[in-house]
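Just so you know, our numbering puts 253 at position 147 of the sequence shown, and the rest follows in order with no gaps. Ideal Cβ positions, reconstructed from N, Cα and C, are used throughout, including at glycine. A quick note: this is a predicted structure, and the numbers were derived from the prediction, not measured. To start, the structure under review is shown below, and the notes come after it.
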Amino acid sequence: MLKVALPIRFGIAITAGLIAYFLVLALFGLHTNPIYSLFNGVITGFGIYEAIKYYKLSKGKDFEYGDGFAVGIVTGFVSTILFTAFFALYAANLNPDFLSVMISKWETTYNTSLGSVVFVVAIMGFATSAVLTLSFMQLFKQSWNPKKKSSKNIS
107 MLKVALPIRF GIAITAGLIA YFLVLALFGL HTNPIYSLFN GVITGFGIYE
157 AIKYYKLSKG KDFEYGDGFA VGIVTGFVST ILFTAFFALY AANLNPDFLS
207 VMISKWETTY NTSLGSVVFV VAIMGFATSA VLTLSFMQLF KQSWNPKKKS
257 SKNIS
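Structural data, given as structure tokens:
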């Protein structure tokens, strides 16, 4: 049960952080500048790291790489799906001019639809989740290096 409930709980927490960050940027009119989305990786990374850490602490010596990886991936994917849904709702209904303002910063000759932007947001979230989970699992996996015995010279 912990392997299912924990990622959902942390995924919802990550989503809340991402939405709050997006709305704070919107408050200052900075949400149309894509460079600020780099901090989304920090928010997502912190949440995935904490989810894996909490899971490892709860499992103790029974912690396995595959289970930790699954917790990280599911946490990231839950947050990606929820944030993508919020982003689509925001761009389509709450601020219909958002997409045209954001796209105009790049190029005006492309006809970019809401669906393609939402798809890119989802792919970016899934990719970020996978890369961060693989990275963090390097920290949490058990080492295969043998323990060195301390040898004291007796003279």
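### Message
Less than 8 Å between C-beta atoms, sequence neighbours within five positions excluded: which residues of the same chain meet that for N201?
### Response
A132
### Task
Name the residue from F232, L220, A194, K167 whose alpha carbon lies nearest to the alpha carbon of N146.
F232
### Message
Helix, strand or coil, according to DSSP, for D203 in the structure here?
### Response
In the structure shown, D203 sits in coil (DSSP, three-state: anything other than H, G, I, E or B).
### Query
Whose CA, out of T138, V224, K159, lies closest to the CA of F246?
K159
### Query
With 16 as the cutoff for other CB atoms within 10 Å, does V221 come out buried or exposed?
Reading the sequence as shown, one finds Gly at residue 221 and not Val. The residue is exposed, with fewer than 16 neighbouring Cβ atoms inside 10 Å.
### Query
Ends of the alpha helix (DSSP H) at D173?
171–195
### Query
According to DSSP, is P252 helix, strand or coil?
coil
### Task
Below 8 Å on the Cβ atoms is my guess for S235 versus I179; work out the distance and round it to an integer in Å.
6 Å
### Message
I'd like to know whether the C-beta atoms of I114 and T239 end up nearer to each other than 7 Å.
### Response
Going by C-beta atoms, I114 is not nearer than 7 Å to T239.
### Backbone secondary structure at T150 - three-state DSSP
helix
### Message
Rounded to the nearest angstrom, what separates V237 and K165 at their Cα positions?
### Response
23 Å
### Message
Using CA atoms only, rank isn't needed, just tell me which of G135, I120, F152, F189 is closest to S241.
### Response
F152
### Message
Classify F134: buried if its beta carbon has 16 or more other beta carbons within 10 angstroms, exposed otherwise.
### Response
exposed
### Task
Indicate whether at least one CB of chain B lies closer than 7 Å to the CB of G182.
In the displayed structure, chain B is absent; only one protein chain is listed.
### Task
Alpha carbon to alpha carbon, how far is A126 from V148? Give it in angstroms, no decimals.
Between V148 and A126, the C-alpha separation is close to 14 Å.
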